[in-house]
DNA sequence: TCCCGTTTCAAACAATAGTTTAAATCGTTT
DNA sequence: AAACGATTTAAACTATTGTTTGAAACGGGA
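Protein chains in written order, with our numbering: chain A, 1 to 223; chain B, 1001 to 1223.
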């Protein structure tokens, strides 16, 4: 059977992988189809032939690299029954390992970084889906850790203090002047750095929790 | 006197300000000279006439907005004699206030965000100067807070955990799906949020310090 | 071998954006 | 008012880039 795609050349896949590499390296605008096709060893017309246009290729890269990152370092690894602390540890660990993955699974973190500062309008749907999932997952963990009396600002505070470093760690330039990806940013390995980042965040969250307790106690006492 | 520039039209200044707004909004690539000149109420050729080319205009915008941000919320406000805690408080506060400044002084934070993910090669010098100053200033504070036995990784940890949120707070998209600048991200005012971010960071750093003490004590005991 | 759909390719095309140019305008000085 | 330099303007120019096109090459059935 499979009448049509008999010798199914792997050009399509090659283009996708090259695009993932290029886009994660220099972003959508500077990632020209000429360069992508060159790195894929294909003709310039390959992008349009297989993916219609550049925007659609970018969409496919987004979905593809997201899947790769999730498969390599899934965010939901700690089950629902685990303690909030362990769930946060697993959460931070996954993001950091994704960021430092030197292979294709590491592309997604850098693409997300581009999308945070310079969101592509045509990717709104896909981006929103992923980001909302990420934020919701984290918010659930933070809510469980801080306790019932958590306010909206408390959650935003946690989000900015935990997510910004966890995502930003894969960003260029945080290793001061790393040329490209800062894999040599830490002397210790990513696993250990993830654990240390988790502990830093944990201390902040526990401090927040106790300050909320004080705030509530004072509020009840004064009322 | 002033033979040449007698009626010195303010077009040059208008273009600079429009460029600052546009570049901080959509970045270098999407910030076309056409749009900049339109917003400045000037002719398309104004950029080249007054600034030579687009790259040079961007450079001027970088320096100009940096100066504005520094004048509005100077980073060195706490003197050398202040306690490390107070210096960190002032440091975080300045960055957060810069990020949330709704006027021209707020542009720089967003331009820096673009430069972190997508650094322009031709800006290397200027960018390095600013970033190195920022990193060095923070490193000095962190070193004083954590103590003598601080390692390189300790400092990188602090940098990523404190700088990423302080810079990232001005980034789009951290307010989940804010259309553009997330000034409505917090319910409380920037001053209070800065204080809370400082306290969160402080807890993390103090935890780090005590864990280093334990590490050293164990090391000496075991040796 | 011939046919036919698929894939590859080089060239042409169209759109965008930065830059240049030369003429026109304006304000000041003489 | 004439003259001069500085500024503004519209149009042309150039380079880049995404896309389209039509022909050529390929590979497996009939």
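Even for Gly, the Cβ is constructed at its ideal location relative to N, Cα and C.
Please list, in chain order, all residues of the same chain as residue i whose beta carbon is under 8 Å from its beta carbon, the five residues on each side excluded.
| i | result |
| --- | --- |
| residue 17 of chain A | 40, 104 |
| residue 1197 of chain B | 1092, 1096, 1165, 1166, 1169 |
| residue 176 of chain A | Confidence is the limiting factor: at residue 176 of chain A the pLDDT is only 46, short of 50, which leaves the residue's position unreliable, though a coordinate-based value still follows. Once the five neighbours on either side are set aside, residue 176 of chain A has no close Cβ partner at all. |
| residue 1015 of chain B | 1036, 1037, 1040, 1042, 1046, 1047, 1050, 1051, 1057 |
| residue 1138 of chain B | 1091, 1158, 1159, 1162, 1163 |
| residue 1034 of chain B | 1044 |
Cβ closer than 7 Å: which chain B residues qualify as neighbours of residue i?
| i | result |
| --- | --- |
| residue 196 of chain A | 1157 |
Leaving aside the five residues before and after residue i along the sequence, list all residues of the same chain whose C-beta is less than 7 Å from its C-beta, in chain order.
| i | result |
| --- | --- |
| residue 141 of chain A | 84, 87, 88, 91 |
| residue 144 of chain A | 84 |
| residue 149 of chain A | 212, 216 |
| residue 62 of chain A | 111, 123, 126 |
| residue 1204 of chain B | 1161 |
| residue 1012 of chain B | 1050 |
Let me confirm a value: residue i is counted as buried when at least 16 other C-beta atoms fall within 10 Å, else exposed. Which label applies?
| i | result |
| --- | --- |
| residue 1189 of chain B | exposed |
| residue 94 of chain A | buried |
| residue 98 of chain A | buried |
| residue 152 of chain A | exposed |
| residue 27 of chain A | buried |
| residue 1129 of chain B | exposed |
| residue 179 of chain A | Unreliable positioning characterises residue 179 of chain A in this predicted model, as indicated by a pLDDT of 45, which lies under 50. A coordinate reading is not provided. |
| residue 1219 of chain B | exposed |
| residue 1115 of chain B | buried |
| residue 136 of chain A | exposed |
| residue 1154 of chain B | buried |
| residue 214 of chain A | exposed |
Taking 6 Å as the limit between beta carbons, can you name the residues of its chain near residue i, skipping five residues before and five after?
| i | result |
| --- | --- |
| residue 1171 of chain B | 1113 |
| residue 1068 of chain B | 1104, 1105 |
| residue 55 of chain A | 122 |
| residue 109 of chain A | 98, 99, 170 |
| residue 1107 of chain B | 1020, 1024, 1065 |
Residue i versus chain A: which residues are under 9 Å apart at the beta carbon?
| i | result |
| --- | --- |
| residue 1208 of chain B | 196, 199, 200, 203 |
At 8 Å on the CB atoms, spell out the chain B contacts of residue i, in chain order.
| i | result |
| --- | --- |
| residue 188 of chain A | 1153 |
For my contact list, residue i and residue j are in at a C-beta cut-off of 8 Å; report their separation, rounded to the angstrom.
| i | j | result |
| --- | --- | --- |
| residue 1146 of chain B | residue 1075 of chain B | That belief does not hold up - the Cβ atoms of residue 1146 of chain B and residue 1075 of chain B are roughly 20 Å apart, past 8 Å. |
| residue 1134 of chain B | residue 200 of chain A | The pair is not a contact, with the Cβ atoms about 20 Å apart (cut-off 8 Å). |
| residue 968 of chain B | residue 1072 of chain B | What the structure shows of chain B is the stretch from 1001 to 1223, and residue 968 of chain B is not part of that stretch, so it cannot be assessed. |
Exercise for the section: Give the residues from the stretch 140-169 of chain A that approach chain B closer than 9 Å (Cβ to any Cβ), ordered along the chain. Expected result: Closer than 9 Å at the C-beta level to chain B, one finds these residues of the stretch 140-169 of chain A: 151, 152, 153, 154, 156, 157, 158, 159, 160, 161, 162, 163, 164, 165, 166, 167, 168, 169.
Problem - Within 8 Å of chain A by C-beta, residues of the stretch 1019-1053 of chain B in sequence order - result: 1026, 1027, 1029, 1030
Exercise for the section: Could you list the residues in the stretch 1097-1127 of chain B with a C-beta less than 7 Å from some C-beta on chain A, going in chain order? Expected result: 1113, 1114, 1116, 1117, 1118, 1119
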